[in-house]
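In this note's numbering, the protein residues as written are 82 to 681. Following: one structure in structure tokens, then a few remarks.
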């Protein structure tokens with residue numbers, strides 16, 4: 082999942098991570114160094130990639146277990162730096178959108194999470210996580226009773242069919258494409274197989290079948306054992322057919338979850354209120370404790386941290402969604418015993434921040450290797466939350482991803498965490514790249530601006546002429562996601578969509594997926610990589626597939642180097658003293674928004 086932390090990707094985002102999230106900070110590389118580093122470690126990351134369990138019908142039956150001490154009533158305030166890039170579920174593929182979607186949308190499946198971070202896939206709109214047949218090529222879902230959208234319209238199998246079919250429409254450009262590709266062809270060929278529902282045609286029944294109002298059947302050409310996990314993604318949340326306004330749905334969507342949008346002022350604020358059509362008996366995951374959420378935008382991480390740490394007045398009822406403790410405030414937060422004990426959460430996010438090389442423009446691998454060696458990774462991640470905000474990355478795989486190898490270090494990050502300038506200079510001289518102009522794009526947020534200075538300075542030291550180009554944070558991924566974006570270098574974050582490298586390498590490095598809005602940001606199109614992705618995706622033995630993904634990761638870095646890993650992300654958030662139910666979510670990589678209540 083993509084992540085843009087002013088907003089997580091991500092991601093991924095999961096990668097998970099991950100996205101529109103930022104760890105905003107001013108100041109410098111070592112600003113939290115006086116605080117003892119008690120942040121999460123790679124051991125914590127490994128524990129977060131535990132096997133996901135598959136729940137039965139009982140685990141999928143609501144209401145959700147009560148949160149200890151929870152009380153109903155009141156409105157929670159949310160501080161957010163930027164607007165949400167999309168509200169249409171089919172367009173959501175970033176972390177802040179995922180948190181919002183947990184409150185207002187529902188899909189066929191969802192994750193249930195316990196206090197230890199263990200995840201179980203349960204039925205959400207469906208009665209269970211799905212029933213497989215034909216060796217995993219056919220999956221059947223039965224919808225729960227009395228499901229309604231915010232307008233009181235019944236949610237039936239026709240709505241699920243419509244939700245899937247509209248993902249083929251040309252106006253859906255930024256969401257996940259797993260389901261479409263699994264049903265209708267890899268890469269971009271799925272759009273050639275079916276043009277979408279707007280011309281009055283359905284996907285054929287041998288692909289997607291709805292024999293009655295309660296039953297949905299998916300027919301795949303290959304076994305898809307990960308379907309229950311994939312369907313938990315916000316991009317596959319239901320869009321009721323009766324109220325779908327196509328392109329306009331992105332600004333005025335219809336809720337199926339416990340809350341709905343009552344007022345939305347783009348770029349300024351959003352007000353969520355209770356969705357009275359949501360039935361807690363049908364939902365084993367979510368709660369509806371608070372009366373609503375007032376989401377205030379244009380609060381950067383420093384503003385959020387200062388306000389929440391002070392804990393005065395209305396701030397006692399306030400929280401972060403995807404904000405993080407700012408680097409400049411790290412020492413104050415860490416030294417505040419009450420805040421650290423009662424009002425903060427930490428986790429190791431699944432995202433890898435990497436510097437993408439546009440391979441259409443930066444064609445020489447020796448130049449790419451030089452840039453990768455020169456990157457001041459330690460300073461860059463410390464600008465994004467200090468020791469509590471990240472860790473130097475040695476690989477394109479996150480420590481939360483099965484198959485990650487901590488010993489693999491092609492760019493000497495362990496010994497030279499702030500860049501190997503001399504080694505990079507040597508490559509620059511050998512290639513005759515002195516004075517070469519490169520366009521480096523970055524988002525217009527404090528942390529990205531600071532990181533841009535650090536990266537441009539380092540590349541200047543090895544003889545490159547870096548032309549910095551600032552891009553609006555709200556449209557970051559839309560801009561860098563264009564095939565002809567006119568850019569040479571740009572940072573993106575990516576995290577696994579579920580605990581498997583199969584959610585990292587196909588979307589990010591498969592050359593058959595290159596198109597506007599796709600996640601192959603480097604435009605890598607290598608025949609061996611493409612064929613290996615296709616081969617590994619068919620491996621049903623998890624251990625064998627994990628090993629193969631690790632080997633492919635090494636090949637991609639050593640033979641091509643389409644992106645240079647810079648840092649892994651950690652999450653460190655603070656909340657008002659009257660916010661109850663806070664805990665880190667292994668699913669979202671941020672606070673678990675489904676549990677929030679006001680203590681008094």
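Here a beta-carbon is modelled for each residue, glycine too, at the ideal position from N, C-alpha and C.
Report task. Could you tell me whether the Cβ atoms of residue 509 and residue 316 are closer together than 7 Å? Result -> Here residue 509 corresponds to residue number 428 of the chain shown, with the count starting at 1. Here residue 316 corresponds to residue number 235 of the chain shown, with the count starting at 1. By the CB criterion at 7 Å, residue 509 and residue 316 fall outside the cutoff.
Query raised in the report: Which runs of the alpha helix (DSSP H) spanning at least 4 residues fall entirely within the stretch 131 to 214, listed in chain order?
Result: Secondary structure in the stretch 131 to 214: the alpha helix (DSSP H) runs of 4 residues or longer, each lying completely within the stretch, are 176 to 185 in chain order.
Query - Three-state class that DSSP yields for residue 509 in the structure shown - result: On the chain shown, residue 509 is found 428 positions in, with the first residue counted as 1. Note: residue 509 maps to helix in three-state DSSP.
Report task. Could you tell me the distance, in whole angstroms, from the CA atom of residue 265 to the CA atom of residue 476? Result -> Position 184 of the chain shown, counting from 1, holds the residue named residue 265. Position 395 of the chain shown, counting from 1, holds the residue named residue 476. Rounded to the nearest whole angstrom, the CA to CA distance from residue 265 to residue 476 is 32 Å.
**Report entry** Candidates 646, 599 and 634: closest to residue 175 by CA position
**Finding:** Counting from one through the chain shown, the residue named residue 175 turns up at place 94. With distances taken between CA atoms, residue 175 lies nearest to 599 out of 646, 599 and 634.
Requested in this report: Grab me the residues of residue 435's own chain with a C-beta within less than 8 Å of its C-beta, minus the 5 sequence neighbours each way, in chain order.
Outcome: Reading the chain shown from its first residue, position 354 is the one you call residue 435. Cβ neighbours of residue 435 within its own chain (closer than 8 Å, five residues either side excluded): 474, 477, 572, 573, 574, 575, 644, 645, 646 and 647.
**Report entry** Close Cβ partners of residue 182 (< 7 Å) along its chain, the five nearest in sequence each way excluded
**Finding:** Here residue 182 refers to the residue found at position 101 of the chain shown. Only residues of its own chain outside the window of five on either side were considered, and among them 170, 173, 315 and 318 have a CB closer than 7 Å to the CB of residue 182, listed in chain order.
Requested in this report: Under the assumption that residue 408 contacts residue 466 (Cβ atoms under 8 Å), give the Cβ distance between them as a whole number of angstroms.
Outcome: Residue 408 sits at position 327 when you count from the first residue of the chain shown. Residue 466 sits at position 385 when you count from the first residue of the chain shown. That pair is a contact at about 6 Å.
Query raised in the report: Just how far apart, CA to CA, sit residue 594 and residue 630?
Result: By 1-based counting over the chain shown, the position of residue 594 is 513. By 1-based counting over the chain shown, the position of residue 630 is 549. One C-alpha to the other measures close to 18 Å.
Requested in this report: Just confirm the distance between the C-beta atoms of residue 429 and residue 126, as a whole number of angstroms; I'd bet it's less than 8 Å.
Outcome: As a position in the chain shown, residue 429 is number 348, starting the count at 1. As a position in the chain shown, residue 126 is number 45, starting the count at 1. Indeed they touch by this definition, with Cβ atoms about 4 Å apart.
Query raised in the report: Can you find at least 3 beta carbon pairs, one from the stretch 200 to 218 and one from the stretch 357 to 371, that sit closer than 8 Å?
Result: Short answer: they touch.
**Report entry** residue 248 versus residue 454 - alpha carbon distance
**Finding:** In the chain shown, the residue the question calls residue 248 occupies position 167. In the chain shown, the residue the question calls residue 454 occupies position 373. Residue 248 and residue 454 have their C-alpha atoms roughly 40 Å apart.
Report task. Check whether the stretch 327 to 336 touches the stretch 281 to 290, counting contact only when three or more Cβ pairs, one atom from each stretch, lie closer than 8 Å. Result -> With a cut-off of 8 Å on Cβ pairs, the stretch 327 to 336 is not in contact with the stretch 281 to 290, counting fewer than three such pairs.
**Report entry** Between the CA atoms of residue 495 and residue 381 - distance to the nearest angstrom
**Finding:** Working through the chain shown from its first residue, we reach residue 381 at position 300. Working through the chain shown from its first residue, we reach residue 495 at position 414. About 32 Å.
Query raised in the report: Where does residue 293 sit, in a helix, a strand or coil, going by DSSP?
Result: As a working note, residue 293 is residue 212 in the chain shown. When secondary structure is reduced to three states using DSSP, residue 293 falls in the strand class.
**Report entry** Distance, residue 551 Cα to residue 234 Cα
**Finding:** Sequence index remark: in the chain shown, residue 234 carries index 153 (1-based). Sequence index remark: in the chain shown, residue 551 carries index 470 (1-based). About 44 Å.
Report task. Would you be able to state if there are at least three C-beta pairs under 8 Å between the stretch 335 to 347 and the stretch 184 to 199? Result -> Verdict: yes, contact present.
Query raised in the report: Alpha carbon to alpha carbon, what distance is there between residue 384 and residue 414?
Result: Position 333 of the chain shown, counting from 1, holds the residue named residue 414. Position 303 of the chain shown, counting from 1, holds the residue named residue 384. Between residue 414 and residue 384, the C-alpha separation is close to 13 Å.
Query raised in the report: Can you find at least 3 beta carbon pairs, one from the stretch 228 to 245 and one from the stretch 143 to 157, that sit closer than 8 Å?
Result: Contact between the stretch 228 to 245 and the stretch 143 to 157 is absent, with fewer than three C-beta pairs closer than 8 Å.
**Report entry** One or two residues paired with residue 425 in a DSSP bridge
**Finding:** Start at 1 with the first residue of the chain shown, and residue 425 comes out as number 344. Answer is 655, bridged to residue 425.
Query raised in the report: Shortest alpha-carbon distance to residue 457 belongs to which of 533, 439 and 425?
Result: Along the chain shown, read from residue 1 onward, the residue named residue 457 stands at position 376. Nearest C-alpha to residue 457: 533.
**Report entry** the stretch 635 to 642 in contact with the stretch 600 to 610 per 3-pair CB rule at 8 Å
**Finding:** Pairwise C-beta distances place the stretch 635 to 642 in contact with the stretch 600 to 610, as three or more of them are shorter than 8 Å.
Query raised in the report: What are the boundary residues of the beta strand (DSSP E) that residue 590 is part of?
Result: As a first step, residue 590 must be located in the chain shown, where it is residue number 509. Boundaries for residue 590: no beta strand (DSSP E) harbours it, while the alpha helix (DSSP H) harbouring it runs 586 to 590, taken from the DSSP string.
Query raised in the report: How many Å lie between residue 549 and residue 438 at the Cα?
Result: Reading the chain shown from its first residue, position 468 is the one you call residue 549. Reading the chain shown from its first residue, position 357 is the one you call residue 438. Spanning the two alpha carbons is a distance of roughly 15 Å.
Query - Whether residue 322 touches residue 213 by CB criterion (7 Å) - result: The residue given as residue 322 occupies position 241 in the chain shown. The residue given as residue 213 occupies position 132 in the chain shown. Contact: no.
Query raised in the report: Would you call the CB atoms of residue 325 and residue 237 closer than 7 Å?
Result: Stepping through the chain shown from its first residue, residue 325 is reached at position 244. Stepping through the chain shown from its first residue, residue 237 is reached at position 156. Cβ atoms of residue 325 and residue 237: not closer than 7 Å.
Report task. Report the partner residues of residue 319 according to the DSSP bridge assignment. Result -> Stepping through the chain shown from its first residue, residue 319 is reached at position 238. Looking at the DSSP output, residue 319 bridges to nothing.
Requested in this report: Please report how far the alpha carbon of residue 134 lies from the alpha carbon of residue 308, in whole angstroms.
Outcome: The count along the chain shown starts at 1 and reaches residue 134 at position 53. The count along the chain shown starts at 1 and reaches residue 308 at position 227. Near 13 Å, if we compare the C-alpha coordinates of residue 308 and residue 134.
Query raised in the report: From which residue to which residue does the alpha helix (DSSP H) around residue 246 run?
Result: As a position in the chain shown, residue 246 is number 165, starting the count at 1. Segment 238 to 246, the alpha helix (DSSP H) holding residue 246.
Query - Cβ pair residue 375, residue 156 closer than 7 Å - result: Reading the chain shown from its first residue, position 294 is the one you call residue 375. Reading the chain shown from its first residue, position 75 is the one you call residue 156. Cβ distance < 7 Å, so residue 375 and residue 156 count as in contact.
Query raised in the report: Where do the ends of the beta strand (DSSP E) carrying residue 274 lie?
Result: Position 193 of the chain shown, counting from 1, holds the residue named residue 274. No beta strand (DSSP E) contains residue 274, which is instead part of the alpha helix (DSSP H) from 271 to 274.
Query - The beta strand (DSSP E) enclosing residue 222, as first and last residue numbers - result: Working through the chain shown from its first residue, we reach residue 222 at position 141. From DSSP, the beta strand (DSSP E) with residue 222 extends over 219 to 223.
Query raised in the report: Under the rule that 16 or more other beta-carbon atoms within 10 Å means buried, what is residue 393, buried or exposed?
Result: As a first step, residue 393 must be located in the chain shown, where it is residue number 312. Looking at its Cβ environment, which holds fewer than 16 other Cβ atoms inside 10 Å, residue 393 is exposed.
Requested in this report: Examine the Cβ distances between the stretch 156 to 168 and the stretch 290 to 304 and report whether three or more of them are shorter than 8 Å.
Outcome: The stretch 156 to 168 makes no contact with the stretch 290 to 304, as fewer than three CB pairs between them are under 8 Å.
**Report entry** Which residues DSSP lists as bridging residue 609, in chain order
**Finding:** Sequence index remark: in the chain shown, residue 609 carries index 528 (1-based). The partner list for residue 609 (beta bridge, DSSP) is empty, contrary to what the question assumes.
Report task. Could you say which of 569, 615 and 589 lies nearest to residue 578 if we only look at CA atoms? Result -> Residue mapping note: residue 578 aligns to position 497 of the chain shown, counting from 1. For the residues 569, 615 and 589, the minimum Cα distance to residue 578 belongs to 589.
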